[in-house]
Amino acid sequence: MNYSLEKKLIIIAALIFIASALFLFWQNERELDSLRGKNWWAASFAEPGNRESLDIVVANYSGNPDFRYEVTAGTEVLAGETFSVQPGAEQAVHVSVLPQTGTRTQIRIFHGTEKQELFREIR
Amino acid sequence: MTALGEASIFLCAVFGIFLIPGFLMRKALFRNPENGVSLWETLILSFGGSIGLVIFSMIIVGKLGIRFTPLSLLLAFAGAALAVALPLLFFQRTLTKNPETRSKASPGLSFSRKQSALFVLIIAVTILIKTLYLSHAILPTATDLGHHLYWAKLVSDTGSLPVYEEREIVTDPSGSYRISEPQAIADFIIGEHLPFSALNILTGASFFSAFPVVFLALINLFSLLALATFAFRAAQGLRNSHFDKKLFSAENIFLATLFLFGPLYTLASPQEKFVSGGVIGNTFGNFFIPLILLCYYRAFRGKDPRFLGLAFFFTFTLAYIHHLSTFILLFVLAGGALWYILFHLRTLPAVLKDWFRLMLAPFPLAILLSAGLFFFLVAMPTYIETSAVGTAVGTPSKATRTGLTFYQVSFSSGETRVALGLAGLLGLALLPWRKRYASAFLIGWAGMLLAMTLHPEWLYVDIPSNRIGAYLSFPLGVLAAFALVGIFSFRSGKGQSLPPTLAALAFTSLFVFALGSGSYDNSGTLLPQSKAEAALATFHASGYLAKNTSPEDIILKDHNYIEASDAWMKLFFMRGYTYPLSRGFFQRYEDNPDREQCTLLMISVPNTPKGEKCFDDTGTSIVVVNPDYDATQFDKSSRFSKIYASKYIAIYRRLAL
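Protein sequence lines, in the order shown, are assigned to chains A and B. According to the working numbering, the first sequence is numbered sequentially starting from 879. According to the working numbering, the second sequence is numbered sequentially starting from 525.
Below, the structure written as structure tokens:
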């Protein structure tokens, strides 16, 4: 039985697998990196259960830090402001107006050519 | 910790807990260096043995009420290895004694330089193709993997064995809907999850890291080695004067098997697609089935009770990992036994006497006794406890269970493997050496699976036919390797073979056919691009909800259109297997009208009376959808606030009246 040859072949196969495993762990880390090759962002209410709050949190995983929000109720613009969120960061933004009862209060967040919208309905 | 550090710890842990315990067992069992166990066999026996010891020791520790910690697990694994190895060392002569064991050792692989180079080339290309494919699927997005790793994470988080339960929406006699009390699930089996929990607890590696997929990829590689090793041993049992000794060598069969499973068809089901998809049970099953067949084969052919004991141990291990694989294995073994008996009717009493003598040897008996004690006193597999076995036996009850067409079989198993595999099956069945053990195992394996896949009603099998069909490529591939090598090494009665030019032309044609078919299959499976961004967006939304909701908030998400990883949302909450609720594939609601419809109605038509009743009755307050497909119905409603928005995910909260 040629043990030494078998050993060598097993070691070679193991080394190839180890190289593959190292690469896949490294690749997984890169894919989990929120900034690497990614371009998206998200906006959310800071306190989703608090009907009185319009404060928002913006998570920015794009290269552009510039944002602007606008609060409207029906056709009326209640507030608006520009703010910046560094790439890879999440930032809370205080919105000083309160949601309007009986109508939808919308917050539009603008980022370059993109737009996301949050709204609260209070009856 | 960096990825490379994490990978190094993972690899050390795999070596330490998934090779060493089984290696100690194998070492204690086969002490003589000239024991006929090759290094390849040592490797796969050590891996399989370790998996069994890890699973059983964790079940015992859990049943004793000891919390799973790195220390308790290490002690348990070391204890399990010693508990098996020490008695074998001290009582080896008694336990493994069988006067009829053939003393002549079975030679191991003996590659020439060319064969060694070919082996390295095949392994390198195989791992390269697999790695390229997995590099696009290494981020956790697969649905099945998410479902399984919920349970593995639950074991890690609680430090105890899980209770497999789920809650679902049910309709009361009054017509109102509610979320049920927890009900037992038969579909999950503890052995699928404990190895992942053990790796997580010992290494601290996140379930979102590469470790689950890399571990599954390793199991898949071991299954290739188990297949090739089984083919190698079977080839040793089929040597005869009709084949050119040099060409029809067991080494060439080993390499041909690796070739047909390695570079070719390496991505499609049941290989890398199952790995990236997290089809854990099948992936384990595809390793254990050839390993178990190898052990039974070596036990019966060599009259070696040590291999029979190992075969019993691995069969018992598989029963705690995957029900379908165990079910199929039992049919395969029965098929092989029937085939062997059919050609030994004249000497049947002697054959049966041999078999019983082997089974009643001390070591197999000790394993059977230990298995029986474990089964009745420690833990039964979930599907036994929930009496789910009966659901797999009977006349096929659905259209998806009435068998596949031959075209579907050749498509799913690969045209080359099916064509050559059937040629190999026919050759084995018609030629004189069909009486041998090797033929019985190969014919039993392929024949049973062909019958179960094409005509399940013959065997009274009531299981989705495509699930059985996924197992068929393995025996057909092994038989294809025999056919590939056999065709060119066959000699007629006068010692004549194919003229060299014709043989070269035929071989080239077959090789190109195999390469074309196998590579086409691979290219069809390669993922076009990574879903990393969509997956991260889903994870971000899940983290937001986990932080801003409580277990009392009922959440519903969509499985049809959320781009990636929605099955992984439950790992952020850890509030139950069916939390959040899920709108499943539309087809499932159509196929099964008795299925609850609320999860469909609450997303598709939330503002209709039926949809609103579902919301009111179940208390569902939050809905997670893809904004490109399902936002309009919520945006137009005055009953919802939109609390989260990204290009991948929109979250709505329903207003309480």
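Every residue gets a Cβ at the ideal spot worked out from N, C-alpha and C, and that includes glycine.
* Kindly say whether B:Glu-530, judged by its beta-carbon, lies nearer than 8 angstroms to any beta-carbon of chain A. => yes
* To do: Return the CA-CA distance between B:Pro-1117 and B:Gln-1111, expressed in angstroms with no decimal places.
  => 10 angstroms
* Can you find a C-beta in chain B that's less than 8 angstroms from the C-beta of A:Phe-988? -> no
* Asked: Where are the alpha helix (DSSP H) runs, 4 residues long or more, that stay fully inside the region 631-710 of chain B, in chain order?
  -> 637-659, 667-682
* How long is the line joining the alpha carbons of B:Phe-539 and A:Ile-889, rounded to whole angstroms? -> 13 angstroms
* To do: Confirm, please, whether the CB-CB distance from B:Ala-895 to B:Leu-944 is below 8 angstroms.
  => no
* Asked: How about A:Ser-922: is its C-beta nearer than 8 angstroms to some C-beta of chain B?
  -> yes
* To do: Mind checking who B:Asp-1141 pairs with in its DSSP beta bridge?
  => Answer is none; B:Asp-1141 lacks a bridge partner.
* Is it buried or exposed for B:Met-904, if we count other Cβ within 10 angstroms and need 16 for buried? -> exposed
* Asked: Would you call the region 931-942 of chain A and the region 978-995 of chain A in contact, with 3 or more CB pairs under 8 angstroms?
  -> yes
* **A:Arg-946 at chain B interface by Cβ criterion, 8 angstroms** => no
* Pick helix, strand or coil for A:Gly-958, following the three-state DSSP scheme. => strand
* Residue range of the unbroken alpha helix (DSSP H) whose run includes B:Asn-764 -> No alpha helix (DSSP H) contains B:Asn-764, which DSSP labels as neither H nor E.
* Span of the beta strand (DSSP E) holding B:Phe-798? -> Looking at the DSSP string, B:Phe-798 is not in any beta strand (DSSP E); the run it does join, the alpha helix (DSSP H), is 796-801.
* To do: Taking only beta-carbon positions, decide if A:Phe-901 is within less than 8 angstroms of chain B.
  => yes
* Closer than 8 angstroms, CB to CB, is A:Gly-927 near chain B or not? -> yes
* Using a Cβ cut-off of 8 angstroms (strictly closer), state whether B:Lys-770 contacts chain A. => no
* Which ranges would you report for the alpha helix (DSSP H) in the region 1110-1160 of chain B if only whole runs of at least 4 residues count? -> 1110-1115, 1122-1128, 1133-1142, 1151-1154, 1156-1159
* Asked: Once you ignore the five residues that flank A:Phe-961 on each side, which residues in its own chain have a CB closer than 6 angstroms to its CB?
  -> Phe-945, Val-971
* Boundaries of the beta strand (DSSP E) in which A:Glu-862 is found, first to last residue -> Residue coverage of chain A in this structure runs from 879 to 1001, which leaves residue 862 of chain A outside it and unanswerable.
* Report all residues from its chain with a CB closer than 7 angstroms to the CB of B:Pro-920; omit the five preceding and five following residues, and keep chain order. => Thr-926, Pro-980, Glu-981, Asp-986
* Which residues bound the beta strand (DSSP E) around B:Arg-509? -> The requested residue 509 of chain B does not occur in the structure, where chain B is confined to residues 525 to 1181.
* Per DSSP, which one or two residues make a beta bridge with B:Leu-1080? -> B:Leu-1105, B:Val-1147
* Partner residues on chain B for A:Phe-961, Cβ-Cβ distance less than 9 angstroms -> Per Cβ cutoff of 9 angstroms: no residues; A:Phe-961 is ~16 angstroms from chain B at best.
* **Every unbroken alpha helix (DSSP H) within the region 879-954 of chain A, with a cutoff of 4 residues, ordered by chain** => 881-910
* Indicate the three-state DSSP secondary structure (helix, strand or coil) for B:Tyr-984 in the structure shown. => coil
* Asked: Is the beta carbon of B:Leu-606 sitting closer than 8 angstroms to the one on B:Ser-574?
  -> no
* To do: Note down, in chain order, each residue of its chain lying with its Cβ closer than 8 angstroms to the Cβ of A:Val-958, except the 5 sequence neighbours on either side.
  => In the sequence as presented, Val is not what sits at residue 958 of chain A; that position holds Gly. Arg-946, Tyr-947, Glu-948, Val-949.
* Between the Cα of B:Gly-586 and the Cα atoms of B:Arg-637, B:Val-1009, B:Gly-715, B:Thr-977, which residue gives the shortest distance? -> B:Gly-715
* So, helix, strand or coil for B:His-847, using DSSP? -> helix
* At 8 angstroms on the CB atoms, spell out the chain B contacts of A:Ala-951, in chain order. => Neighbours of A:Ala-951 on chain B: none; closest Cβ ~14 angstroms, over 8 angstroms.
* Kindly say whether B:Arg-925, judged by its beta-carbon, lies nearer than 8 angstroms to any beta-carbon of chain A. => no
* Asked: So, are the CB atoms of B:Glu-692 and B:Ile-709 less than 8 angstroms apart?
  -> no
* chain B residues whose Cβ lies nearer than 7 angstroms to that of A:Ile-890 -> Val-644
* Check B:Ser-1165 in the structure and name its three-state DSSP category. => strand
* Taking just the CA atoms, how far does A:Leu-932 sit from A:Ala-924? -> 8 angstroms
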